[in-house]
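2 protein chains.
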Amino acid sequence: MPGPDRREARRDDRRSQRTRQLLGAALVALMLEQRYDTITVQEIIDRANVGRSTFYAHYLDKEDLLQSEIAALVTRLGDHVDPGAEGKWIIPSLELLRHVREHYALYRALVRGRAIEPVLKTMQAQLSRQIEVHLAGRLPPGPAPTVPLPVVAQYITGVLLALFQWWLDREMPESPEQLDDYFLQLVRPSVRATTGVEI
Amino acid sequence: MPGPDRREARRDDRRSQRTRQLLGAALVALMLEQRYDTITVQEIIDRANVGRSTFYAHYLDKEDLLQSEIAALVTRLGDHVDPGAEGKWIIPSLELLRHVREHYALYRALVRGRAIEPVLKTMQAQLSRQIEVHLAGRLPPGPAPTVPLPVVAQYITGVLLALFQWWLDREMPESPEQLDDYFLQLVRPSVRATTGVEI
DNA sequence: GATTAAGCGAACGATATGTTCACTATTGCA
DNA sequence: TGCAATAGTGAACATATCGTTCGCTTAATC
Numbered sequence: 001m002p003g004p005d006r007r008e009a010r011r012d013d014r015r016s017q018r019t020r021q022l023l024g025a026a027l028v029a030l031m032l033e034q035r036y037d038t039i040t041v042q043e044i045i046d047r048a049n050v051g052r053s054t055f056y057a058h059y060l061d062k063e064d065l066l067q068s069e070i071a072a073l074v075t076r077l078g079d080h081v082d083p084g085a086e087g088k089w090i091i092p093s094l095e096l097l098r099h100v101r102e103h104y105a106l107y108r109a110l111v112r113g114r115a116i117e118p119v120l121k122t123m124q125a126q127l128s129r130q131i132e133v134h135l136a137g138r139l140p141p142g143p144a145p146t147v148p149l150p151v152v153a154q155y156i157t158g159v160l161l162a163l164f165q166w167w168l169d170r171e172m173p174e175s176p177e178q179l180d181d182y183f184l185q186l187v188r189p190s191v192r193a194t195t196g197v198e199i
Numbered sequence: 001m002p003g004p005d006r007r008e009a010r011r012d013d014r015r016s017q018r019t020r021q022l023l024g025a026a027l028v029a030l031m032l033e034q035r036y037d038t039i040t041v042q043e044i045i046d047r048a049n050v051g052r053s054t055f056y057a058h059y060l061d062k063e064d065l066l067q068s069e070i071a072a073l074v075t076r077l078g079d080h081v082d083p084g085a086e087g088k089w090i091i092p093s094l095e096l097l098r099h100v101r102e103h104y105a106l107y108r109a110l111v112r113g114r115a116i117e118p119v120l121k122t123m124q125a126q127l128s129r130q131i132e133v134h135l136a137g138r139l140p141p142g143p144a145p146t147v148p149l150p151v152v153a154q155y156i157t158g159v160l161l162a163l164f165q166w167w168l169d170r171e172m173p174e175s176p177e178q179l180d181d182y183f184l185q186l187v188r189p190s191v192r193a194t195t196g197v198e199i
């Protein structure tokens, strides 16, 4: 039987917020230097200048701290991508790329610390679902797609994330607009040929 | 100062081989049940019925065992993909998909245990290099590519690995040939449009 | 300046790691 | 068959990290 969720013990004091911020920053800094899974709680609290018991008063464990950072990131991504909602774009590629550049430091840390995978998985799943719906709603009359829509959706998100990773690995010398241009050039002809949908 | 590499202590006795096989199989079995990083050495040796000191006589640690399994896998992949070498195909997609299906058990374990990422990274890097060279050698005269070749190469491998992951996540109901057909339908129009190369 | 919430850090039990060593089991060769 | 040589065994050990506890200190707020 799991005890009461210690996360509920998070208070809203200014000091608390400051402490959490210090811990998050320490984890990010450490991930730039070493793999996430080799980082110890001791290293985090030393770097943050925070007592051991304070750490555990705020987070269940190291994983909880990471998830908390990621959740904040994904929330901010959602703010960029969702509000226009229906019809504004089929694929929010440029919005996503701009968001990534804006939060470059954190994404870079996640990559260097080899903790980016769950984030990509989440993005992949959400985008894929969203795109599949949009595609289905725009299918022209006439011949059925020659490749199933879920495969096409997976394809589109796969391309976007592959370009994103390539961009991030190379420390993002190109602009988001440049990347988005590559993305559309690569994706448009295939989607047109297989489904008839114009992106 | 690191001591002498204990990996050199690996003997070539039949018993040794059997032991290593047992340990590898135990790790794979455990990865089907839980994340790689939550698995303990104790669990591995219990599952394999092997003594603690024997484990450390063969491997430096858990990571070393995993790397050893992955290395064997990648070697076998190379056997499938390299021999024809130059000119046989531009992208060894069907060969790769067949290889994956052949070693389904291990790939599935790597996915479930969340240890597939380094394997994909390796594949991505190798394929991408190979494909870029092949593309460069087949560029038609006339206008330069509208998307840089490294980006196109990254795109192609990204698509292949995205489809591969999708396939694997769904437990591979389709045949490798079917997947390869999807892959080519999706990739061909874009590569033609951006580089003029016919795949 | 008294009250209250947050942070501190030493100490603890629990668990995992990697090593050592005296002992046993298996293999293959004389 | 018997005997080295090699491989495996497992208890015991030192070490490290984890997550918790608790008495104390610090710093906001009224």
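The listed protein sequences correspond, in order, to chains A and L.
Numbering of the first sequence is given in our numbering, commencing with residue 1 and proceeding in unit increments.
Numbering of the second sequence is given in our numbering, commencing with residue 1 and proceeding in unit increments.
By construction, the Cβ of each residue, glycine as well, lies at the ideal position given by its N, Cα and C atoms.
Any chance you could list the beta strand (DSSP E) runs of at least 3 consecutive residues sitting entirely within the segment 103-155 of chain A, in chain order? none
Just the C-alpha distance for residue 110 of chain L and residue 117 of chain L, rounded to the nearest angstrom, thanks. 9 Å
Residues in the segment 39-70 of chain A with C-beta within 9 Å of chain L's C-beta atoms, listed in sequence order? none
Along the alpha helix (DSSP H) that carries residue 44 of chain A, what are the first and last residues, could you check? 41-48
Beta-carbon gap between residue 200 of chain A and residue 44 of chain A smaller than 7 Å: Since the displayed chain A opens at 1 and closes at 199, residue 200 of chain A lies outside it and no answer follows.
Measuring only between beta-carbons, confirm whether residue 185 of chain A sits less than 7 Å from chain L. yes
Short Cβ contact (7 Å threshold) for residue 154 of chain A with residue 57 of chain L: no
Listed by chain order, chain A residues near residue 37 of chain L by CB distance under 8 Å: 37
What is the residue span of the alpha helix (DSSP H) that residue 172 of chain A lies within? It is not in any alpha helix (DSSP H) - residue 172 of chain A carries neither H nor E in the DSSP assignment.
Nearest to residue 175 of chain L by alpha carbon, out of L:104, L:69 and L:129? L:104
With DSSP as the reference, label residue 56 of chain A as helix, strand or coil. helix
Comparing alpha-carbon positions, which option in A:112, A:73, A:96 and A:180 lies nearest residue 170 of chain A? A:112
Assigned secondary structure, residue 61 of chain A (DSSP; H/G/I helix, E/B strand, else coil): coil
Integer-rounded CB distance, given that residue 146 of chain L should sit under 8 Å from residue 194 of chain L: 5 Å
Neighbour list for residue 189 of chain L in chain A, Cβ cutoff strictly below 7 Å: 189, 190 and 193
Quick check: the segment 184-198 of chain L against the segment 113-132 of chain L, are there 3 or more CB pairs under 8 Å? no
Using beta-carbon positions only, say whether residue 107 of chain A and residue 30 of chain A come within less than 7 Å of one another. no
Determine, using beta carbons only, whether residue 11 of chain A comes closer than 7 Å to chain L. With a pLDDT of only 46 at residue 11 of chain A, under 50, the local geometry of the prediction cannot be trusted, and no value is derived from it.
Output needed for residue 1 of chain L: all residues of its chain with C-beta closer than 8 Å, excluding positions within five of it in sequence on either side, in chain order. Only weak support exists for where residue 1 of chain L lies, its pLDDT of 30 falling under 50; the coordinates are left without a value.
Nearest residue (CA-CA) to residue 183 of chain A, options A:172, A:196, A:159 and A:68: A:159
Could you give the C-beta distance for residue 60 of chain A and residue 27 of chain A, rounded to a whole number, given that I count them as a contact under 8 Å? Wrong, their Cβ atoms sit about 14 Å apart, outside the cutoff.
Proximal chain A residues relative to residue 117 of chain L, where beta-carbon distance stays under 8 Å: 114 and 117
Checking contacts by CB at 7 Å: is residue 155 of chain A closer than that to chain L? yes
Chain A residues whose Cβ lies nearer than 9 Å to that of residue 133 of chain L: None at all; the shortest Cβ gap to chain A is about 17 Å.
Given this structure, state the Cα-to-Cα distance separating residue 70 of chain L from residue 124 of chain A, to the nearest angstrom. 25 Å
Counting C-beta neighbours from all protein chains within 10 Å, is the total for residue 142 of chain A 16 or more, i.e. buried, or is it exposed? exposed
Can you tell me the Cα-Cα spacing of residue 50 of chain L and residue 19 of chain L, whole angstroms? 7 Å
For residue 228 of chain L, I'd like the list of residues in its chain whose CB is within less than 7 Å of its CB, leaving aside the five on either flank, ordered along the chain. Outside the modelled stretch of chain L, which goes from 1 to 199, sits residue 228 of chain L, for which no answer is possible.
From A:38, A:140, A:180 and A:80, residue whose alpha carbon lies closest to that of residue 198 of chain A: A:140
Outcome for residue 166 of chain L when other beta-carbon atoms lying within 10 angstroms are tallied against a minimum of 16: buried
Going by C-alpha to C-alpha distance, which of A:90, A:38 and A:188 sits closest to residue 129 of chain A? A:90
If the cut is a Cβ gap below 8 Å, which residues of chain A does residue 94 of chain L touch? What residue 94 of chain L touches in chain A: nothing, since even the nearest Cβ is about 16 Å away.
When we look at the beta-carbon of residue 127 of chain A and count the other beta-carbons within 10 Å, is it buried (16 or more) or exposed? buried
Nearest-angstrom Cα separation, counted from residue 62 of chain L out to residue 38 of chain L: 11 Å
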